[in-house]
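Heads up: the structure comes next, in structure tokens.
Residue numbers (the working numbering), protein chains in the order written: chain A, 34 to 373; chain B, 4 to 432.
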């Protein structure tokens, strides 16, 4: 009897130190900030590699490899981009997807016609379509650019894009790390952004859930879910580099890193195991895809496995958006994909 | 002992709750309902009245449009073309205010594609300039139905000899591409204006009235088919709007009856989700941010007519209408009744006031798009590369809508609606 009372008060005391605040702090320090740091590091590497290849000091294959790593860092970050990166025009400068009308090719070539050697300022002031990784991918991988034979034409732009990405990721990281910046706002409350740890955690979860919803969109669009089931291979993300699946896996990893820290708040063991199983199932199915997404969507034999993957993503989304949100008492508001 | 421990567990749970959720809705804590059930039901009934009035006005204006198109076809003069274009713009005023009923009312969503699908690969319908850029991989992008009596898509051979409503409706999403839009407001818009070949510079589509002439002065080619096409799609629009009006008539076996028979919570959820989806994802996102960020006039909503400023303004108005329970009809009368605003104000007057202030701000920001157009600088010029002032004007509208959406979420919380998406709200373990 006495033991029970003591136990309860100890637990209650620790409750007042607020497990949600602890989880939010861990998320900020162990997941969100490092993801932004890795994104910057990947862009620094991209600048270096672009310069090296353009100077004839590196193979094209190496530059492509560096580009894949930058794409992966950005993909990992997408379900984590709470705060500065999601504001203003910033995330739009990183990637332009979907690009149904091939604006990337048109705007990139138009810029180079107009300014054969675009200055950094011209790149920084250009349309988001030519500032980001999608344009970089177009230059490196599109069959019409033949970049290896056209270094003179494309090198100034490649370096310009990489430098733009580096500056953007540095700017965002500064906004995280400065005094009173995003990191502080996720750790001490109330502040200008969040009244409480609850609100901050809700904000993180909302972005993460939107990230999972975006994964569904990135898979469903090339599958033809918006087009009466007729495949749309050119609407696959990163179709030119044939890296859609790797990107999806990296994004899933970002989302899962949030879940790993939130798990301790969930008192419902059944829900925990359902969500764990859903992550595993999506990840297993993605890893098992036998070919690049833009090819699988065109192969009737691939339809069933993509359908099953989509279904698993849907289950994962619902478990988090409905059941987890309800369990934690967090409102999941509107996301930019609503209304599509 | 066991029971003691579990009592402790309960206590612990309540402590945890109070320690960790300082700011959650107060109405939950005091146990009183967030709204009066009968009053909420009246709000949902009035929402249906707003839909009925909106679609009825859209229908009436579409009938005016049909009359003016009949006049144009009888006498294809520039004056009659200008009158038909004005009738199209007028027809958009009530229709755009009904778009807030999309996203949540399945009967509207399933119907909408034939009525307002966008953006389209207009080369499906008629002749286009060499500079035309279609969606990659769209097999119908240059089908030019007006110039062709048959069409081969993949293995499929289609007979286009007789242009009728069934044929054209069946060509929507031809070959699976959502950019293949053969019917609806934007198909009519393309036929009345033609392509806007000015990019982000001044000017809209400039189709000559003689594209509808059949005599010596005829331009464009295949004019009888172009005339038939315009006539058929306009009649189809009217049929579609008639069908939607019928879905919202009271005391019928229709969608409205379904909505009214559903739970009050679901009804309120639908109202709020429609508002937020149009505000954020569709209007701020698809219709403004994509076009602005990419400087892409092809992603402009009314890209042939350059009427986009009004389309956006009346979309915004529609969102506000649903919250306030008000709609100013085309004849000038105001329909008003029980509203979400009443329900929210009854439990949290501050939240109601805040949302109303956001509506005022977004209306002013959208009005700035209209003012700019009236000074000769249209939406497609505002999004031009290097137009910093234009970008600021469009961004102000986007930001006002984003902030308004946050306020809509707060209003939803006042009404204790946490899961906003009706598609997933009823999902259970």
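No residue lacks a Cβ here, since even glycine has one placed at the ideal position from N, Cα and C.
With 16 other Cβ atoms within 10 Å as the buried cut-off, status of residue i
| i | result |
| --- | --- |
| residue 164 (chain A) | buried |
| residue 134 (chain A) | buried |
| residue 152 (chain A) | exposed |
| residue 132 (chain A) | buried |
| residue 243 (chain A) | buried |
| residue 2 (chain A) | Residue numbering for chain A in the displayed model covers 34 to 373; residue 2 (chain A) lies beyond these limits and cannot be assessed. |
| residue 158 (chain A) | exposed |
| residue 1 (chain B) | No statement about residue 1 (chain B) is possible, as the shown extent of chain B runs from 4 to 432 and does not include it. |
| residue 413 (chain B) | buried |
| residue 28 (chain B) | A caution first: residue 28 (chain B) carries a pLDDT of 36, below 50, which makes its placement in the model too unreliable to give a value. |
| residue 141 (chain A) | buried |
| residue 179 (chain A) | exposed |
| residue 389 (chain B) | exposed |
| residue 209 (chain B) | exposed |
| residue 367 (chain A) | buried |
| residue 31 (chain B) | For residue 31 (chain B), the predicted structure reports a pLDDT of 44, less than 50, and the residue's modelled location is therefore unreliable. The matter cannot be settled from this model. |
| residue 197 (chain B) | buried |
| residue 390 (chain A) | The requested residue 390 (chain A) is not part of the displayed model; chain A covers only 34 to 373. |
| residue 145 (chain B) | exposed |
| residue 320 (chain B) | buried |
| residue 273 (chain B) | buried |
| residue 251 (chain A) | buried |
Proximity to residue i [Cα-Cα], best of the options
| i | options | result |
| --- | --- | --- |
| residue 237 (chain A) | A:255, A:221, A:308 and A:295 | A:295 |
| residue 97 (chain A) | A:170, A:329, A:177 and A:184 | A:170 |
| residue 404 (chain B) | B:95, B:315 and B:98 | B:315 |
| residue 114 (chain A) | A:145, A:155 and A:205 | A:205 |
| residue 238 (chain B) | B:392, B:118 and B:306 | B:118 |
| residue 207 (chain A) | A:348, A:102, A:79 and A:116 | A:116 |
| residue 161 (chain A) | A:142, A:176 and A:129 | A:129 |
| residue 53 (chain B) | B:328, B:401 and B:343 | B:328 |
| residue 347 (chain A) | A:245, A:69, A:338 and A:53 | A:245 |
| residue 285 (chain A) | A:72, A:177 and A:350 | A:350 |
| residue 416 (chain A) | A:137, A:136 and A:107 | Because chain A here runs from 34 to 373, residue 416 (chain A) falls outside it and cannot be looked at. |
| residue 178 (chain B) | B:165, B:157 and B:198 | B:157 |
| residue 287 (chain A) | A:241, A:249, A:331 and A:155 | A:241 |
| residue 202 (chain A) | A:354, A:103, A:85 and A:60 | A:103 |
| residue 291 (chain B) | B:213, B:312 and B:145 | B:312 |
| residue 150 (chain A) | A:187, A:121, A:125 and A:167 | A:187 |
| residue 365 (chain A) | B:276, B:88 and B:214 | B:276 |
| residue 361 (chain B) | B:406, B:174 and B:376 | B:406 |
| residue 259 (chain A) | B:45, B:368, B:113 and B:265 | B:113 |
Contact list for residue i against chain D, beta-carbon separation under 9 Å
| i | result |
| --- | --- |
| residue 138 (chain B) | Protein chains A and B are contained in the structure displayed, whereas chain D is not. |
Next on the checklist: Would you call the region 264-284 of chain A in contact with the region 121-141 of chain B, where contact means no fewer than 3 C-beta pairs closer than 8 Å?
Outcome noted: A contact exists between the region 264-284 of chain A and the region 121-141 of chain B.
Next on the checklist: Which complete beta strand (DSSP E) runs does the region 301-355 of chain B hold, if anything under 3 residues is left out?
Outcome noted: The qualifying runs are 329-331 and 337-339.
Next on the checklist: Along the region 180-205 of chain B, where does the CB come closer than 8 Å to a CB of chain A? Name the residues.
Outcome noted: Cβ contacts with chain A come from 180, 181 and 182.
Checklist entry - Between the region 140-170 of chain A and chain B, which residues of the former have a C-beta closer than 8 Å to a C-beta of the latter? => result Result list: 140, 158, 159, 160, 161 and 162.
Checklist entry - Just by C-beta distance, which residues in the region 85-108 of chain B are closer than 9 Å to chain A? => result Under the 9 Å Cβ criterion, the region 85-108 of chain B contributes 105 and 106.
Checklist entry - Should the region 195-204 of chain A be regarded as contacting the region 219-233 of chain A, the criterion being three or more beta carbon pairs within less than 8 Å? => result Short answer: they don't touch.
Checklist entry - Using a Cβ cut-off of 7 Å, which residues of the region 295-309 of chain B contact any Cβ in chain A, in chain order? => result Answer in chain order: 296, 297, 298, 299 and 301.
Checklist entry - Taking one C-beta from the region 309-327 of chain A and one from the region 354-369 of chain A each time, how about it: are there three or more such pairs within less than 8 Å? => result The region 354-369 of chain A and the region 309-327 of chain A do not touch, with fewer than three beta-carbon pairs separated by less than 8 Å.
Item to check | Complete beta strand (DSSP E) runs within the region 214-251 of chain B (minimum length 3 residues, chain order) | outcome: Segments of the beta strand (DSSP E) lying fully in the region 214-251 of chain B: there are none.
Checklist entry - Does the region 65-82 of chain B come within contact of the region 230-247 of chain B, defined as at least 3 CB pairs closer than 8 Å? => result By the Cβ rule, the region 65-82 of chain B counts as touching the region 230-247 of chain B, because three or more pairs are nearer than 8 Å.
Checklist entry - Quick one: complete alpha helix (DSSP H) runs, 4+ long, within the region 131-186 of chain B? => result Runs of the alpha helix (DSSP H) lying entirely within the region 131-186 of chain B, each at least 4 residues long, are 168-174 in chain order.
Item to check | chain B contacts from the region 282-301 of chain A (Cβ-Cβ distance under 8 Å) | outcome: Taking 8 Å as the cut-off between beta carbons, none of the residues of the region 282-301 of chain A comes near chain B.
Checklist entry - Would you say the region 334-343 of chain B touches the region 42-59 of chain B, given that touching needs at least three Cβ pairs under 8 Å? => result Taking a cut-off of 8 Å for Cβ pairs, the region 334-343 of chain B and the region 42-59 of chain B touch, as three or more such pairs fall below it.
Checklist entry - Does the region 305-323 of chain A come close enough to the region 85-92 of chain A to have 3 or more Cβ pairs within less than 8 Å? => result Because the criterion of three Cβ pairs below 8 Å is not met, the region 305-323 of chain A and the region 85-92 of chain A do not touch.
Next on the checklist: If the cut-off is 9 Å on Cβ atoms, which residues from the region 147-162 of chain B count as contacting chain A, listed in chain order?
Outcome noted: Cβ contacts with chain A: none found.
Item to check | Every unbroken alpha helix (DSSP H) within the region 47-107 of chain B, with a cutoff of 4 residues, ordered by chain | outcome: Fully enclosed alpha helix (DSSP H) runs of 4 or longer: 81-101.
Checklist entry - Curious, which full-length alpha helix (DSSP H) runs of at least 4 residues does the region 302-367 of chain A contain? => result Fully enclosed alpha helix (DSSP H) runs of 4 or longer: 302-321, 326-329, 336-351 and 358-361.
Checklist entry - Given a limit of 7 Å on CB to CB distance, which residues of the region 263-281 of chain B reach chain A? => result The residues in question are 279, 280 and 281.
Next on the checklist: In chain order, what are the residue ranges of uninterrupted alpha helix (DSSP H) at least 4 long that sit wholly in the region 190-264 of chain A?
Outcome noted: Listed in chain order, the complete alpha helix (DSSP H) runs (minimum 4 residues) inside the region 190-264 of chain A are 215-218 and 230-256.
Next on the checklist: Threshold first: 4 residues or longer. Then list the alpha helix (DSSP H) segments lying entirely within the region 358-390 of chain B, N to C.
Outcome noted: Counting only runs of 4 or more, we get 382-385.
Item to check | chain B contacts from the region 352-371 of chain A (Cβ-Cβ distance under 8 Å) | outcome: Taking a C-beta cut-off of 8 Å against chain B, the contacting residues of the region 352-371 of chain A are 354, 355, 356, 358, 359, 362, 363, 364, 365, 366, 367, 368, 369, 370 and 371, listed in chain order.
Item to check | the region 249-256 of chain A touching the region 123-130 of chain B, judged by at least three CB pairs closer than 8 Å | outcome: Counting C-beta pairs with one atom in each stretch, the region 249-256 of chain A and the region 123-130 of chain B have fewer than three that are closer than 8 Å, which means they do not touch.
Checklist entry - What are the uninterrupted segments assigned as alpha helix (DSSP H) that are 4 or more residues long and contained completely in the region 159-184 of chain A, given in chain order? => result Every alpha helix (DSSP H) stretch that sits fully inside the region 159-184 of chain A and reaches 4 residues is listed by chain position as 161-164 and 166-174.
Checklist entry - Should the region 207-223 of chain B be called in touch with the region 175-189 of chain B, which here means at least 3 C-beta pairs below 8 Å? => result No, the region 207-223 of chain B does not touch the region 175-189 of chain B.
Next on the checklist: Quick test of the definition: if touching needs 3 or more C-beta pairs under 8 Å, does the region 90-106 of chain B touch the region 278-286 of chain B?
Outcome noted: Contact holds between the region 90-106 of chain B and the region 278-286 of chain B, because three or more Cβ pairs, one in each stretch, are under 8 Å apart.
Checklist entry - Which residues, taken in chain order from the region 359-390 of chain B, show a beta carbon closer than 8 Å to some beta carbon of chain A? => result Contact residues of the region 359-390 of chain B toward chain A are 388 and 389 (C-beta to C-beta distance below 8 Å).
Checklist entry - Counting Cβ pairs closer than 8 Å, one from the region 163-174 of chain B and one from the region 147-155 of chain B, do we hit at least three? => result Result yes; three or more Cβ-Cβ pairs closer than 8 Å.
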